[in-house]
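Report on one structure; see the data block that follows.
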Amino acid sequence: MRFLRGALPFAVVGALWEALAHSGAFPARLFPSLEQVAATFARLTAEGILPHHAALTLYRLAAGFAIAALAGVLLGIVMGRSRRAEAFLLPLVSIGAPIPGLAYAPLFLLWFGLGDSGSIVLVAFVSAFPVALNTWTGVKAVKEIWLRAARTMGADERRLFRHVILPGAAPYILTGLRLALAQAWRILVAVEMLAAVPWGLGWLIFGAREFLNTDAMLAGIAMIALIGVALDKLAFEPIERYTVVRWGMMAA
Amino acid sequence: MKTFISLLAAALLYDAVARSGWFAPALVPSLPAVARTLWGMLGDGTMEGHALATLGRVFTGLALASLTGLVLGFLMARYVAVERFFSPLVSALMPIPSLAWAPVFILWFGLGNVATILIVFYASSFPMLINTWSGVRAVNPLWLRAARSMGASGPRLFWKVIVPGASPFIITGLRLAFQRAWIAVVGAEMLAASAYGLGWVIFDAKEFLNADVMLSSLAVIGAIGYLFERLVFGSLERVTILRWGMLRTAKA
Chain A
1 MRFLRGALPF AVVGALWEAL AHSGAFPARL FPSLEQVAAT FARLTAEGIL
51 PHHAALTLYR LAAGFAIAAL AGVLLGIVMG RSRRAEAFLL PLVSIGAPIP
101 GLAYAPLFLL WFGLGDSGSI VLVAFVSAFP VALNTWTGVK AVKEIWLRAA
151 RTMGADERRL FRHVILPGAA PYILTGLRLA LAQAWRILVA VEMLAAVPWG
201 LGWLIFGARE FLNTDAMLAG IAMIALIGVA LDKLAFEPIE RYTVVRWGMM
251 AA
Chain B
1 MKTFISLLAA ALLYDAVARS GWFAPALVPS LPAVARTLWG MLGDGTMEGH
51 ALATLGRVFT GLALASLTGL VLGFLMARYV AVERFFSPLV SALMPIPSLA
101 WAPVFILWFG LGNVATILIV FYASSFPMLI NTWSGVRAVN PLWLRAARSM
151 GASGPRLFWK VIVPGASPFI ITGLRLAFQR AWIAVVGAEM LAASAYGLGW
201 VIFDAKEFLN ADVMLSSLAV IGAIGYLFER LVFGSLERVT ILRWGMLRTA
251 KA
């Protein structure tokens, strides 16, 4: 019953789409019917074309995001722990963060070349901002009393960091990583359209335009939506369960 | 003051790298060169023209998105049937990056304003919708009952209780919507604009290796975004929520 209720809106919208597609008001090339889109999706998946595009996009995402996570967490911790670093870096980070990442895209492509390196560097650069800002907030939010308590119990700097500051800041860091991954995903899809890479989901939908393959575009968009949802559900919920929830930093 | 010093230091660092001769001056222009280009483009009015074109697209898209988001969000919060129908659709469409639609919109509506505005609309309607929806639901039921027992109904209940009560959420929604729109418009202009706009300038300058033009346009994009964030939304918050006493109430 609950499933039916959830499916109803999709059935209504799908029926509207079908009616429009079959009415002949628009050329079928530009406005394909849903069974055509589904067939293209199945065919491209079976031929391995869609998985290959997705795999390369995911590789760029993973590389860019890994760099962003590492650099962002380091930067955030340095800003949170050292007042001098904070005074110098925080204004730069807070001015850089709101600038739309795509505005840098052509510049980065010019500096780092078309293809993989340009898009990975851009994704890394853009998604490092939310990680750095959230890590900084998290380190700042660690209660002074925990630090003092740990020090009186004889914790040295390293153990203080490992056992107090890191778990204390973890919920914020995870939020930052989550935001960063969503942002990286958005930017990457767009950058693949600009960067003229030979493979990638963004390129798939942009390249399909040349041949009026609207069905391939919509199949690509469906794939992008599926991966976007999966990234959030599959990647972050388990990580949260294993770290912050287990450490008692956040309610499950 | 601290902000100024760290910006100055970063600028000097960049300038030193640019003048070191490690990179081609066409790719990494010195700051005076960028400033001269920016000044020149501001002087002959080209930069203002591009900025106006971009702002026009952003505000058309944002206005459409606000209207849709406000009406639909309000209906979803007040009527269960509307909520049941639209909320599965919203959660299915929201994870799709707005720029993934760019090729489809270009194919359907051609290069130019319609496609660009639709992308902005897609990007900014979700934050508006979600925030209105949760804002209206968050209005204290006690206030509604109190107002009703004092004889308020229909439009008066709406304007005097629901609107001020939901306003902190709605204004946050508008702010998020603007941020999203500002990011989307830059990407949309790179992909779909034909002659004008700050995003288009950056993309066009890549063809001629005009890194100074790209950096000037990037500075203008950053400055406009910053101005809106600080001045427009800051003062909007002051004249509405703060005056109505909503923020204090929300915190208390």
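Those protein sequence lines, which keep their order, are chains A and B. Using my numbering, the letters of the first sequence map in sequence onto residues 1 to 252. Using my numbering, the letters of the second sequence map in sequence onto residues 1 to 252. Ideal Cβ placement from N, Cα and C applies to all residues, glycine included. Given the structure is predicted, the values throughout are model-derived calculations rather than measurements.
Quick one: Cα of residue i to Cα of residue j, how far?
i, j, result
"Ile171 (chain B)", "Glu47 (chain A)", "48 Å"
"Ile99 (chain A)", "Tyr172 (chain A)", "22 Å"
"Ala147 (chain B)", "Pro141 (chain B)", "10 Å"
"Tyr59 (chain A)", "Gly228 (chain A)", "14 Å"
"Gly6 (chain A)", "Asp15 (chain B)", "57 Å"
"Phe10 (chain A)", "Ala81 (chain B)", "15 Å"
"Asp44 (chain B)", "Pro238 (chain A)", "56 Å"
"Leu215 (chain B)", "Val34 (chain B)", "7 Å"
"Ala42 (chain A)", "Ile77 (chain A)", "46 Å"
"Met74 (chain A)", "Arg186 (chain A)", "Correcting the residue identity first, residue 74 (chain A) is Leu in this sequence and not Met. Taking the straight line joining both Cα atoms gives about 24 Å."
"Leu20 (chain A)", "Val37 (chain A)", "14 Å"
"Arg137 (chain B)", "Met76 (chain B)", "9 Å"
"Ala66 (chain A)", "Pro29 (chain B)", "30 Å"
"Val126 (chain A)", "Leu181 (chain A)", "10 Å"
"Leu62 (chain B)", "His53 (chain A)", "33 Å"
"Ser98 (chain B)", "Thr137 (chain A)", "29 Å"
"Ile96 (chain B)", "Ile224 (chain A)", "7 Å"
"Pro167 (chain A)", "Leu61 (chain A)", "26 Å"
"Gly118 (chain A)", "Leu174 (chain B)", "33 Å"
"Ala10 (chain B)", "Leu160 (chain A)", "32 Å"
"Ile221 (chain A)", "Arg148 (chain A)", "52 Å"
"Ser94 (chain A)", "Ser23 (chain A)", "52 Å"
"Val17 (chain B)", "Tyr196 (chain B)", "32 Å"
"Ala141 (chain A)", "Ala155 (chain A)", "19 Å"
"Ser33 (chain A)", "Glu18 (chain A)", "6 Å"
"Gln183 (chain A)", "Thr57 (chain A)", "14 Å"
Do we get a CB-CB distance below 8 Å when we pair residue i with the residues of chain A?
i, result
"Phe85 (chain B)", "yes"
"Val104 (chain B)", "yes"
"Val232 (chain B)", "no"
"Val71 (chain B)", "no"
"Tyr122 (chain B)", "no"
"Trp108 (chain B)", "yes"
"Glu229 (chain B)", "yes"
"Ala9 (chain B)", "yes"
"Gly197 (chain B)", "no"
"Leu142 (chain B)", "no"
"Ala146 (chain B)", "no"
"Pro127 (chain B)", "no"
"Ser6 (chain B)", "yes"
"Gly225 (chain B)", "yes"
"Gly112 (chain B)", "no"
"Ala81 (chain B)", "no"
"Met190 (chain B)", "yes"
For the putative contact between residue i and residue j, defined by C-beta atoms under 8 Å, what is the C-beta separation to the nearest angstrom?
i, j, result
"Leu133 (chain A)", "Gly176 (chain A)", "7 Å"
"Ala115 (chain B)", "Phe126 (chain B)", "Contact doesn't hold; Cβ gap of about 19 Å is too wide."
"Val191 (chain A)", "Leu201 (chain A)", "No, Val191 (chain A) and Leu201 (chain A) are not in contact; Cβ-Cβ is about 11 Å, not under 8 Å."
"Ala51 (chain B)", "Ile224 (chain B)", "7 Å"
"Leu204 (chain A)", "Leu109 (chain A)", "Leu204 (chain A) to Leu109 (chain A), Cβ: 19 Å. No contact."
"Leu129 (chain B)", "Val90 (chain B)", "7 Å"
"Leu70 (chain A)", "Gly101 (chain A)", "Leu70 (chain A) to Gly101 (chain A), Cβ: 18 Å. No contact."
"Val134 (chain B)", "Ala65 (chain B)", "Rather than Val, the amino acid found at residue 134 (chain B) in this sequence is Ser. With a Cβ gap of about 17 Å, Ser134 (chain B) and Ala65 (chain B) do not count as contacting."
"Gly80 (chain A)", "Thr135 (chain A)", "7 Å"
"Trp296 (chain B)", "Val161 (chain B)", "There is no way to answer for residue 296 (chain B), as the model of chain B reaches only from 1 to 252."
"Ala56 (chain B)", "Ala103 (chain A)", "In the sequence as displayed, the identity of residue 56 (chain B) is Gly instead of Ala. Incorrect: roughly 18 Å between the Cβ atoms, too far for contact."
"Ala128 (chain A)", "Ala68 (chain A)", "4 Å"
"Trp111 (chain A)", "Leu27 (chain B)", "6 Å"
Can a CB atom of chain B be found closer than 8 Å to the CB of residue i?
i, result
"Trp146 (chain A)", "no"
"Ala103 (chain A)", "yes"
"Ala21 (chain A)", "no"
"Ala208 (chain A)", "yes"
"Arg5 (chain A)", "yes"
"Val189 (chain A)", "yes"
"Ile221 (chain A)", "yes"
"Ala87 (chain A)", "yes"
"Met253 (chain A)", "With chain A covering only 1 through 252, there is no way to say anything about residue 253 (chain A)."
"Pro171 (chain A)", "no"
"Val121 (chain A)", "no"
"Thr175 (chain A)", "no"
"Ala54 (chain A)", "no"
Let me check you understand the geometry: is the CB of residue i closer than 7 Å to at least one non-hydrogen atom of the ligand SAM?
i, result
"Tyr122 (chain B)", "Within the structure as shown, the ligand SAM is missing, as the structure has no ligands at all."
Fill in: Residues within the stretch 38 to 50 of chain A neighbouring chain B, beta-carbon criterion of under 8 Å
none
Contacting positions in the stretch 16 to 27 of chain B - beta carbon closer than 7 Å to chain A: Leu27
Which residues, taken in chain order from the stretch 41 to 66 of chain B, show a beta carbon closer than 9 Å to some beta carbon of chain A? none
Exercise. Which residues, in order along the stretch 200 to 224 of chain B, keep a beta-carbon less than 8 Å from a beta-carbon of chain A?
Worked result: Ile202, Phe203, Ala205, Lys206, Leu209, Ala211, Met214, Leu215, Ser217, Leu218, Ile221, Gly222
Query raised in the report: Listed from N- to C-terminal order along the chain, which residues in the stretch 173 to 186 of chain B have their beta-carbon within a distance smaller than 9 Å of any beta-carbon of chain A?
Result: Gln179, Trp182, Ile183, Ala184, Val185, Val186
Margin query: Which residues of the stretch 193 to 205 of chain A have a Cβ closer than 9 Å to any Cβ of chain B? Give them in chain order.
Written below: Met193, Leu194, Leu201, Gly202, Ile205
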